[in-house]
Amino acid sequence: MTAFARHEEQTELGTLNWEIRSVNHRYLEVAFRLEESFRPMEMAMRKLISDTLSRGKVEVSLRYKAPEQQQDKLEINETLAQNVIDQYQLLANRAENDAPLDLMKVLQWQGVIQSQSLDQDALNALLMQSLEKAVADLVASRKREGASLQTMIEQRCQQINDIAEQVRQRMPEILQTHRQKLQDRIAELQINLESERLEQEMVLLAQKSDVAEELDRLQSHVNEVNSVLQRDEPIGRRLDFLMQELNREANTLGSKSIDTDTTRYSVDLKVLIEQMREQIQNIE
């Protein structure tokens, strides 16, 4: 489900600012953007998210700001800084490049500047608590989006039912119209056709154009869609399958059509089904 959540936690240990984006995906795929100091917590964070979400491509971003008193003093990892300088010098000699080293870039190297030590265990606990709140905000966002999608799908299902009823009611009229056209054509060509033969032709035409089963299945699938929408579980894949079944019946209705209105109804059905299918790709 497409959704977005932002959550900020301000404490004496610093400020944690989470941003979580979610788009539809066949499976659950989670990507993190974290500072290196928080990487050891990634497995725990993945578990927290997988315990809540089952599908979706989820991007999780964390910005951490240390307390003001921690930012007044800088500590430099001299060993790492020297290693960066040495490696630069080695590459510069090999490339015969005598350009001076920009020391500011050395300071910007990940891990060269270190903040004063914090209670990492306490910070990690805060990290998980704030992530749990951010994920809860994401779930709430997904539910709001889901409610909107549910309303749209239910409306399309009602339109499909209405079309199916219109086709069902019009079939006797359509067959009668074709009977009259056939009789008019016979009279025009001055063909002496026995009444029994005419009835046989009409029976064959009725059998060929009979769409009662397709209409029954169409409405049965619509009922199943409405039922699935009420379930408190991931339903995206089930709905996607039902869209395929609905589309199959709409195609069969079109292939059996002997009337321009029925053909138009088939096209209208496929438009409605495609509108639902596109949105269902966003449902978990």
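Position 157 of the sequence shown, counting from 1, maps to 157 under the UniProt record's numbering, and the rest follow consecutively. Heads up, the beta-carbon is just placed ideally off N, CA and C, and yes, glycines get one too.
Continuous alpha helix (DSSP H) stretch holding residue i: start and end
| i | result |
| --- | --- |
| His221 | Ala212 to Val228 |
| Ser50 | Glu42 to Ser50 |
| residue 310 | A query on residue 310 cannot be resolved here, the shown segment of the chain reaching from 1 to 284 and no further. |
| Val106 | Leu103 to Gln108 |
Rounded C-alpha distance that separates residue i from residue j
| i | j | result |
| --- | --- | --- |
| Thr11 | Gln275 | 46 Å |
| Leu149 | Gln279 | 7 Å |
| Leu126 | Ala81 | 30 Å |
| Arg248 | Arg39 | 49 Å |
| Ser211 | Leu242 | A small fix is needed here, since residue 211 is Val in this sequence, not Ser. The alpha-carbon atoms of Val211 and Leu242 are separated by roughly 19 Å. |
| Ala3 | Arg142 | 5 Å |
| Ala44 | Arg144 | 27 Å |
| residue 299 | Arg217 | Here the chain has residues from 1 to 284 only, and residue 299 is not among them. |
| Tyr120 | Met152 | As written in the sequence, residue 120 is Gln, which differs from the Tyr given in the question. In a straight line, the C-alpha of Gln120 is about 48 Å away from that of Met152. |
| Val106 | Arg94 | 20 Å |
| Leu48 | Glu132 | 7 Å |
| Ile160 | Val225 | 12 Å |
| Ala147 | Ala134 | 20 Å |
| Val112 | Lys65 | 17 Å |
| Asp86 | Glu78 | 12 Å |
| residue 289 | Val30 | Beyond the ends of the chain as shown, which are 1 and 284, falls residue 289; an answer cannot be given. |
| Asp51 | Glu173 | 57 Å |
| Ser257 | Gln219 | 18 Å |
| Arg264 | Gln244 | 20 Å |
| Ile20 | Val222 | 34 Å |
| Tyr88 | Asn97 | 10 Å |
| Ser266 | Gln155 | 18 Å |
| Leu34 | Glu233 | 31 Å |
| Gln108 | Arg46 | 29 Å |
| Gln110 | Glu9 | 24 Å |
| Leu253 | Gln281 | 25 Å |
| Arg277 | Pro67 | 49 Å |
| Gln169 | Leu229 | 29 Å |
| Thr260 | Trp18 | 56 Å |
| Arg231 | Leu16 | 35 Å |
Residue i, buried or exposed, once every other Cβ within 10 Å from all chains shown has been counted against 16
| i | result |
| --- | --- |
| Glu42 | exposed |
| Ala99 | exposed |
| Ile273 | buried |
| Leu103 | exposed |
| Ile283 | buried |
| Glu214 | buried |
| Val271 | exposed |
| Leu90 | exposed |
| Met128 | exposed |
| Thr262 | buried |
| Ser227 | exposed |
| Leu269 | buried |
| Leu101 | exposed |
| Ala5 | buried |
| Ala250 | buried |
| Ser130 | buried |
Cross-strand partners of residue i (DSSP beta bridge)
| i | result |
| --- | --- |
| Ile20 | Ala5 and Val60 |
| Gly14 | Thr11 |
| Glu233 | The partner list for Glu233 (beta bridge, DSSP) is empty, contrary to what the question assumes. |
| Gln65 | Rather than Gln, the amino acid found at residue 65 in this sequence is Lys. Thr15, per the DSSP bridge assignment. |
Extent of the continuous beta strand (DSSP E) run through residue i
| i | result |
| --- | --- |
| Arg81 | This sequence places Ala at residue 81; Arg is not what is there. Segment Glu78 to Arg94 is the alpha helix (DSSP H) holding Ala81; no beta strand (DSSP E) there. |
| Leu28 | Leu28 to Arg33 |
Closer than 9 Å to chain C by CB, residue i
| i | result |
| --- | --- |
| Thr2 | The question asks about chain C, but that chain is absent: this structure has only one protein chain. |
**Message:** Any contact between the stretch 25–38 and the stretch 51–68? By contact I mean 3 or more CB pairs, one from each, below 8 Å.
**Reply:** yes
**Prompt:** Hey, is the stretch 231–242 in contact with the stretch 164–175, meaning 3+ C-beta pairs nearer than 8 Å?
**Reply:** no
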